[in-house]
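Per this note's numbering, the sequence shown runs over residues 2 to 158. Where is the CB? At the ideal position from N, CA and C, for every residue including glycine. Only a predicted model underlies this, so the values are computations on that prediction, with no experimental measurement involved.
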Amino acid sequence: MDARLNLFDNAVATKALRHFISAGKIIGDSTLPAATQELVKLRASQINGCGFCTDMHSKDAAHAGETPLRLNLVAAWREATVFTEAERAALELAEQGTRIADAAGGVTDEAWARAAEHYDEDQLGALVSLIALINAFNRVNVLVRQPAGDYQPGMFG
2 MDARLNLFDN AVATKALRHF ISAGKIIGDS TLPAATQELV KLRASQINGC GFCTDMHSKD
62 AAHAGETPLR LNLVAAWREA TVFTEAERAA LELAEQGTRI ADAAGGVTDE AWARAAEHYD
122 EDQLGALVSL IALINAFNRV NVLVRQPAGD YQPGMFG
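If you want it as structure tokens, here you go:
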């Protein structure tokens with residue numbers, strides 16, 4: 002299976018994606034816990050049906066020490082007992098932020114309040130930016146049908 006458009010050979014796409022990657026580095030360097038970042042990226046990617054990003058972020062999380070149990074339960078985090086309350090709040094915000102079009106009010110005040118109980122202003126800024134950024138990456142990859150399965154941790158940097 003080949004992508005509809007080779008993002009790595011297209012000058013415009015490559016230039017635009019460099020900015021996405023730069024934004025990702027800023028978020029990655031924030032005080033938002035790295036494990037939380039990977040869980041949020043994985044959950045949004047699952048919701049959006051982005052095979053490439055689901056592959057990438059499950060492998061990156063495992064490479065960073067995330068357990069198979071937690072990775073396997075991300076899609077069912079509400080019923081799982083393996084996530085902290087802070088992670089649950091981040092996953093809830095990620096789901097609501099990803100499903101904006103599905104919910105007539107966007108992100109609820111209750112979801113925001115739960116996240117704000119666990120994260121400071123800078124971490125909330127990173128979390129909001131991360132949710133927006135992973136959704137952008139998902140959309141690019143879904144649009145071009147970027148194939149999934151071959152990603153290896155560290156292959157892009």
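What are the start and end residues of the alpha helix (DSSP H) that includes residue 147?
By 1-based counting over the sequence shown, the position of residue 147 is 146. Per DSSP, residue 147 belongs to no alpha helix (DSSP H) and is neither H nor E.
Just confirm the distance between the C-beta atoms of residue 131 and residue 28, as a whole number of angstroms; I'd bet it's less than 8 Å.
Residue mapping note: residue 131 aligns to position 130 of the sequence shown, counting from 1. Residue mapping note: residue 28 aligns to position 27 of the sequence shown, counting from 1. Contact holds; Cβ gap of about 5 Å.
Got a sec, what are the start and stop residues for the alpha helix (DSSP H) residue 113 sits in?
Counted from its first residue, the sequence shown places residue 113 at position 112. From DSSP, the alpha helix (DSSP H) with residue 113 extends over 110-119.
Suppose you measure from the CA of residue 100 to the CA of residue 36; what does that come to, to the nearest Å?
For the purposes of this step, residue 100 is taken as residue 99 along the sequence shown, with counting starting at 1. For the purposes of this step, residue 36 is taken as residue 35 along the sequence shown, with counting starting at 1. Distance between the alpha carbons of residue 100 and residue 36: 22 Å.
The alpha helix (DSSP H) that contains residue 69, what's its start and end?
Counting from 1 along the sequence shown, the entry for residue 69 is found at position 68. It spans 69-74 - the alpha helix (DSSP H) in which residue 69 sits, taken as one unbroken run.
Since residue 62 contacts residue 72 with CB under 8 Å, what's their CB separation in whole angstroms?
By one-based count along the sequence shown, residue 62 stands at place 61. By one-based count along the sequence shown, residue 72 stands at place 71. Yes, they are in contact, since the Cβ atoms of residue 62 and residue 72 sit about 6 Å apart, within 8 Å.
Quick one, which of 137, 107 and 93 has its alpha-carbon nearest residue 117's?
Walking along the sequence shown from the start, residue 117 turns up at place 116. Selected option, being the one with the closest Cα: 93.
Around the C-beta of residue 122, are 16 or more other C-beta atoms found within 10 angstroms, so that it is buried, or is it exposed?
Along the sequence shown, read from residue 1 onward, the residue named residue 122 stands at position 121. The residue is exposed, with fewer than 16 neighbouring Cβ atoms inside 10 Å.
Between residue 145 and the rest of its own chain, which residues show a CB-CB distance below 7 Å, the 5 nearest in sequence each way excluded?
Here residue 145 refers to the residue found at position 144 of the sequence shown. Closer than 7 Å at Cβ, skipping near neighbours: 4, 5, 6 and 8.
Taking 7 Å as the cut-off, decide whether the C-beta atoms of residue 43 and residue 128 are in contact.
Within the sequence shown, numbered from 1, the residue matching residue 43 stands at position 42. Within the sequence shown, numbered from 1, the residue matching residue 128 stands at position 127. No; because the gap between Cβ atoms is not below 7 Å, this pair is not in contact.
Using C-beta distances below 6 Å, list every residue in its chain close to residue 149, excluding the 5 sequence neighbours before and after it, in chain order.
Here residue 149 corresponds to residue number 148 of the sequence shown, with the count starting at 1. Once the five neighbours on either side are set aside, the close Cβ partners of residue 149 are 52, 53 and 56.
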